[in-house]
Amino acid sequence: MVPLSIATYASIIYVLDQLQEAIKLIFILIGILLTLTIISYSGQRIMDESQDIFYRAYAAEWYNFSPRLKSLMIITLYRSNVPCGLKAGNMIPLSIATYASVIKMAMSYFTAFLSLQE
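Following the numbering used here, the numbering of the sequence shown begins with 830 at its first residue and continues without gaps.
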């Protein structure tokens with residue numbers, strides 16, 4: 830009777846140890862997703878605001894400006910034509926679209942691994 834209860838306690842400790850590892854993994858995953866969300870959102874905001882500069886400069890009443898200000902407006906329009914943004918590794922733009930594609934790809938890999946496990 831005693832060896833059975835010791836084995837039962839050992840299995841409970843093993844399951845609890847796996848539970849602690851699973852909880853730790855879940856918290857790490859939540860942290861990674863939160864970090865990626867914040868970075869992607871910041872990149873999206875930078876892109877949106879830099880495009881907003883172009884639209885606001887384009888909508889300004891430039892015909893009432895002085896000639897010097899008109900030339901500066903042309904430079905502003907030219908420079909703000911290409912939106913600024915954050916890039917990962919100077920290759921991948923960090924935006925909400927990139928975040929969605931990363932999450933979509935991660936979920937497809939996760940479902941593929943789950944189907945291979947069974």
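Where a beta carbon is used, it is the ideal one built from N, C-alpha and C, also for glycine.
- Task: In angstroms with no decimal places, state the Cα-to-Cα distance between P912 and D877.
- Result: 8 Å
- Check the C-beta distance from A917 over to L923 and give it rounded, since I have them as a contact under 8 Å. 6 Å
- Message: I want to know whether the stretch 880-893 touches the stretch 901-915 - three or more CB-CB distances under 8 Å.
- Response: yes
- Message: Our contact map puts L906 next to Y887 with C-beta atoms below 8 Å; I'd like the distance itself, whole angstroms only.
- Response: 6 Å
- Item | Helix, strand or coil at P922 [DSSP, three-state] | strand
- Message: One question on the structure: do I925 and S871 come within less than 8 Å of each other, judged by their Cβ atoms?
- Response: no
- In the structure shown, what three-state DSSP assignment does I917 receive? Note on identity: in this sequence residue 917 is Ala, with Ile being the wrong assignment. Three-state DSSP puts A917 in a strand.
- Task: Find out if the Cβ-Cβ distance for the pair V931, L854 is shorter than 8 Å.
- Result: no
- Does DSSP put A889 in a helix, in a strand, or in coil? coil
- Please state whether DSSP places P912 in a helix, a strand or coil. coil
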